[in-house]
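Novice: Each residue of the sequence shown is one higher than the last, beginning at 111 in this note's numbering.
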Amino acid sequence: FGADGEAKVAKERIEAVDPEKNMITFRVIEGDLLKEYKSFVITIQVTPKQGGPGSVVHWHVEYEKIDEKVAHPETFIEFCVQLSKEIDEHLL
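1) Per DSSP, what are the beta-bridge partners of residue 141 in this structure?
2) With distances taken Cα to Cα, identify the nearest neighbour of residue 175 among 132, 151, 194, 119.
3) Around the C-beta of residue 143, are 16 or more other C-beta atoms found within 10 angstroms, so that it is buried, or is it exposed?
4) Bridge partners of residue 176, per DSSP?
5) So who's on the other strand from residue 155, going by DSSP bridges?
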């Protein structure tokens, strides 16, 4: 993923898959994010829109900072938003 104009690397492990809820959870196990965060877990859930075509994607990011000086992962959140937009454009 990209952050602050730099390429970043994250290796993730799938923690849980719930097909009934269209949900998947990943845990970052290696990479740049673990330089600033003790733990970093991402859950993605896709919910069909009621009364129409398409779906809504919910990203939930749970993390623990190494110390209080570390910023919240705003650039990662921006990456998630951009990725969702690019997937949406591809599917249209």
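Think of the CB as a built atom: it goes at the ideal place given N, C-alpha and C, for glycine as much as any other residue.
Specialist: Quick answer:
1) Taking the sequence shown and counting its residues from 1, one reaches residue 141 at position 31. Residue 141 is bridged to 120.
2) Working through the sequence shown from its first residue, we reach residue 175 at position 65. Nearest option by C-alpha distance: 151.
3) Indexing the sequence shown from 1 puts residue 143 at position 33. Residue 143 should be labelled buried.
4) The count along the sequence shown starts at 1 and reaches residue 176 at position 66. In DSSP, residue 176 forms no bridge with anything.
5) Counting from one through the sequence shown, the residue named residue 155 turns up at place 45. DSSP, once it has assigned bridges, lists 133, 168 as partnering residue 155.
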